[in-house]
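Counting in numbering that gives the first Met the number 0, the sequence shown runs from 0 upward without gaps. Structure record follows, encoded as structure tokens.
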Amino acid sequence: MTQAPKTVAKTKENLRKCLCMKCPTYTFMCKMKNMPGNMAAMMGDIGKKDHMEAMFCAFGKSKCIDEEKGCICMTCAVYTENNLDKAYYCLGGKMPQM
Ligand code: SF4
Ligand code: SF4
């Protein structure tokens, strides 16, 4: 039996819980580069956005982050609430190292 893909709701409530901004993998350069776009996105309905440089478990792979420096998704409320099981969603998602 195949499992349905896990989908995380693109809500501002979830976005507020997202820890990506505090993660070492989300580099300073990427934060700077993406701040205007993220701010603009937050003004509108993020549920209608195809991509944001945040909450990568909902919005998919980052267009800026390209190197693993540790993932803190496992400590995020969105992770627990949605029964997520991967790490590095910013890099497309991979099984966490145990
Ligand atoms: S699980 Fe990871 S990508 Fe998803 S909201 Fe939390 S910190 Fe962000
Ligand atoms: S998905 Fe994981 S590794 Fe990527 S920025 Fe968010 S917390 Fe960090």
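In this text, a Cβ means the ideal position worked out from N, Cα and C, and glycines have one as well. As the structure is a prediction and not an experimental result, all values here were calculated from the model.
Answer with buried or exposed for residue i, where buried requires no fewer than 16 other C-beta atoms within 10 angstroms of its C-beta.
i   : result
A76 : exposed
F58 : buried
T24 : buried
G92 : buried
Give a yes or no on whether the minimum CB-CB distance between residue i and chain B is below 7 Å.
i   : result
V77 : In the structure shown, chain B cannot be found, because there is only a single protein chain.
Tell me whether residue i, by its Cβ, gets closer than 6 Å to a heavy atom of ligand 2.
i   : result
T6  : no
T10 : no
C70 : yes
C29 : no
C63 : no
T26 : no
Can residue i and residue j be called in contact, C-beta distance under 7 Å?
i   : j   : result
I71 : C22 : yes
C63 : C29 : yes
M51 : A40 : yes
N81 : V7  : yes
F55 : Y78 : no
K5  : G46 : no
Heavy atoms of ligand 1 versus C-beta positions, residues under 5 Å: Going down the chain, each residue whose beta-carbon is closer than 5 Å to a heavy atom of ligand 1 shows up: C17, L18, C19, M54, F55, C56, C72, C75, V77, Y78, Y88.
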